[in-house]
């Protein structure tokens, strides 16, 4: 196992940061790494909003489930799926209204492009000794976040990311057994129960130890609790209102 | 710039592979790296199908836009967004029909989880001197691919990935100028034209040189050509048929 793979397997989310700043040069390296990631047909269908204004940061941290680390982290980036810039490019050669931007395919392409770039950024930051945490919470009040960041139509914020030097050393959270996520040639539903039971056991022990017995739930319990209630049901309508599925309707209906 | 960031900024897609095999141990490291990536609320909403059967590989390569390297690469992985396994976990504590799985939010969570894991796998492979290429082409005939791989409902193939030792050394493709993708505090549409014009110039030179003058198009021309026709319009209906938006409809309509 080489040093890069050690780094990749050693990730833990960091939610508390030291005073040590991230320099502009380091941030440039992080962004360069992001841009180095694969992108579908060179579309580069993502943008990054760096939030430096303390008022904007404060409002964002409240909108994003009130996580204090969104306010406190040295660098906060919002990773956006972006078809707007492609429309700008298209406009030089034709009327974007005649092109096909708002389709489920392009929504997936842009979401994937943003995520590939973000993960490269995460790895780059961690390679310099920093820690990161992804903030899915920016989707909780996504319309307000989009308004705050003045996102144009055809752009949506996929997640945020806090970056900074760690001031905590959380344990490594166990992952599902490999056999639960890796299949050969065909998906094999029948092989899932055993590794899921193993993982429930592992996670119950882990959580009990980590919380000094305050929590003793298994993974499947946690997942059931999470998924029994509707969450962020506004996402479909928000994406529709941002134009992400508008060309789909022309052909579908 | 440290070695990891050099690796991340030095990525190029590899479509031709040497005879050198990828060992099982190396593949285990790649999968471990994938599992090390961040995942939303520990949902780990993705699965990987490794395709080793040559008949399955052959059919996949035809379905995925006829790319020969899907057939020829030493390792081919299909990265799937997976809510099925979470339904299995849920089932131990309640009826999954009562839970909320098929929502746009969960579609995004699962797509992001699959992509974070895949990008870690890509970096891990490249750290061992291998090359990779993402295969979005598996979405071209996605229903047939899902059937071939026997994907259950609530699973969809996001992209494939070829992995192997490179037998080619393509040039590094220039990316958009940083100012075109990075904004501060708010999205600034007005600053896009200048860097897009610069990039068109850069890419025209790059493509002309790389193809010995056979192609001389700019980036914005390439994008306009790509986006002027509908592509993979079946994605929305396919995802609906796989159950990915079924709980959305309960509340929306």
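Chains as they are written, first to last, in the UniProt record's numbering: chain A, 1 to 253; chain B, 1 to 253. Heads up, the beta-carbon is just placed ideally off N, CA and C, and yes, glycines get one too. Everything numeric in this text was worked out from a predicted model, so none of it was measured.
So what's residue i in DSSP terms, helix, strand or just coil?
{"i": "residue 160 (chain A)", "result": "strand"}
{"i": "residue 81 (chain B)", "result": "strand"}
{"i": "residue 195 (chain A)", "result": "helix"}
{"i": "residue 184 (chain A)", "result": "strand"}
{"i": "residue 238 (chain A)", "result": "helix"}
{"i": "residue 94 (chain B)", "result": "coil"}
{"i": "residue 69 (chain B)", "result": "helix"}
{"i": "residue 51 (chain A)", "result": "coil"}
{"i": "residue 132 (chain B)", "result": "strand"}
{"i": "residue 170 (chain B)", "result": "coil"}
{"i": "residue 253 (chain A)", "result": "Low per-residue confidence applies at residue 253 (chain A): pLDDT is 45, beneath 50, and the placement is therefore not dependable, though the value from the model is reported in the following sentence. Coil."}
Answer with buried or exposed for residue i, where buried requires no fewer than 16 other C-beta atoms within 10 angstroms of its C-beta.
{"i": "residue 127 (chain B)", "result": "buried"}
{"i": "residue 44 (chain A)", "result": "buried"}
{"i": "residue 260 (chain B)", "result": "As displayed, chain B neither begins before 1 nor continues past 253, which places residue 260 (chain B) out of reach and without an answer."}
{"i": "residue 47 (chain A)", "result": "buried"}
{"i": "residue 113 (chain A)", "result": "buried"}
{"i": "residue 201 (chain A)", "result": "exposed"}
{"i": "residue 232 (chain B)", "result": "buried"}
{"i": "residue 164 (chain B)", "result": "buried"}
{"i": "residue 54 (chain A)", "result": "exposed"}
{"i": "residue 169 (chain A)", "result": "exposed"}
{"i": "residue 253 (chain B)", "result": "In this prediction, residue 253 (chain B) scores a pLDDT of 45, lower than 50, which makes its location untrustworthy; no coordinate-derived value is stated."}
{"i": "residue 33 (chain A)", "result": "buried"}
{"i": "residue 222 (chain B)", "result": "buried"}
{"i": "residue 111 (chain B)", "result": "buried"}
{"i": "residue 68 (chain A)", "result": "exposed"}
{"i": "residue 115 (chain B)", "result": "buried"}
{"i": "residue 24 (chain A)", "result": "exposed"}
{"i": "residue 119 (chain B)", "result": "buried"}
{"i": "residue 106 (chain B)", "result": "buried"}
{"i": "residue 261 (chain B)", "result": "This structure cannot speak to residue 261 (chain B), because chain B is shown only from 1 to 253."}
{"i": "residue 98 (chain A)", "result": "exposed"}
{"i": "residue 141 (chain A)", "result": "buried"}
Confirm the yes/no value for this check: CB of residue i, any heavy atom of the ligand COA, distance under 7 Å.
{"i": "residue 83 (chain A)", "result": "Judged by which ligands are present, the structure shown has none, so any question about the ligand COA falls away."}
For the alpha helix (DSSP H) that contains residue i, what are its first and last residues?
{"i": "residue 144 (chain B)", "result": "142-148"}
{"i": "residue 5 (chain B)", "result": "3-9"}
Please compile the residues from chain B whose C-beta is within a distance smaller than 7 Å of the C-beta of residue i.
{"i": "residue 150 (chain A)", "result": "186 and 187"}
{"i": "residue 104 (chain A)", "result": "235, 236 and 239"}
{"i": "residue 56 (chain A)", "result": "185"}
{"i": "residue 155 (chain A)", "result": "187"}
{"i": "residue 71 (chain A)", "result": "Those do not exist, as residue 71 (chain A) stays about 15 Å from chain B at its closest Cβ, beyond 7 Å."}
Run down chain B in chain order and give the residues with a C-beta less than 8 Å from the C-beta of residue i.
{"i": "residue 50 (chain A)", "result": "182, 183, 184 and 185"}
{"i": "residue 44 (chain A)", "result": "175, 176 and 181"}
{"i": "residue 94 (chain A)", "result": "224 and 228"}
{"i": "residue 88 (chain A)", "result": "189, 192, 193 and 196"}
With residue i as the anchor, note down where its beta strand (DSSP E) starts and where it stops.
{"i": "residue 100 (chain B)", "result": "Per DSSP, residue 100 (chain B) belongs to no beta strand (DSSP E) and is neither H nor E."}
{"i": "residue 57 (chain B)", "result": "Looking at the DSSP string, residue 57 (chain B) is not in any beta strand (DSSP E); the run it does join, the alpha helix (DSSP H), is 54-63."}
{"i": "residue 36 (chain B)", "result": "That residue, residue 36 (chain B), is in no beta strand (DSSP E); its alpha helix (DSSP H) goes 24-36."}
Whose Cβ in chain A lies nearer than 8 Å to the Cβ of residue i?
{"i": "residue 230 (chain B)", "result": "100, 103, 247 and 251"}
{"i": "residue 143 (chain B)", "result": "The premise fails here: residue 143 (chain B) is roughly 14 Å from chain A at the closest Cβ pair, so nothing lies under 8 Å."}
At a CB-CB cut-off below 9 Å, which residues of chain A make contact with residue i?
{"i": "residue 116 (chain B)", "result": "115, 116, 118, 119, 122 and 134"}
{"i": "residue 158 (chain B)", "result": "108 and 112"}
Looking at the C-beta of residue i, does it have a partner C-beta in chain C at a distance below 8 Å?
{"i": "residue 163 (chain A)", "result": "No chain C is present in this structure, whose protein chains are A and B."}
Starting from residue i, find everything on chain B with Cβ-Cβ shorter than 9 Å and list it in chain order.
{"i": "residue 10 (chain A)", "result": "36"}
{"i": "residue 68 (chain A)", "result": "Chain B residues near residue 68 (chain A): none, gap ~19 Å exceeds 9 Å."}
{"i": "residue 128 (chain A)", "result": "2, 4 and 5"}
What does residue i reach in chain A if we use C-beta pairs closer than 7 Å?
{"i": "residue 62 (chain B)", "result": "The contacting residues do not exist; residue 62 (chain B) stays about 16 Å from chain A at best."}
{"i": "residue 53 (chain B)", "result": "185"}
(message) Please give me, in chain order, every unbroken run of the alpha helix (DSSP H) with length at least 4 that falls completely inside the segment 201-246 of chain A.
(response) 219-227 and 235-241
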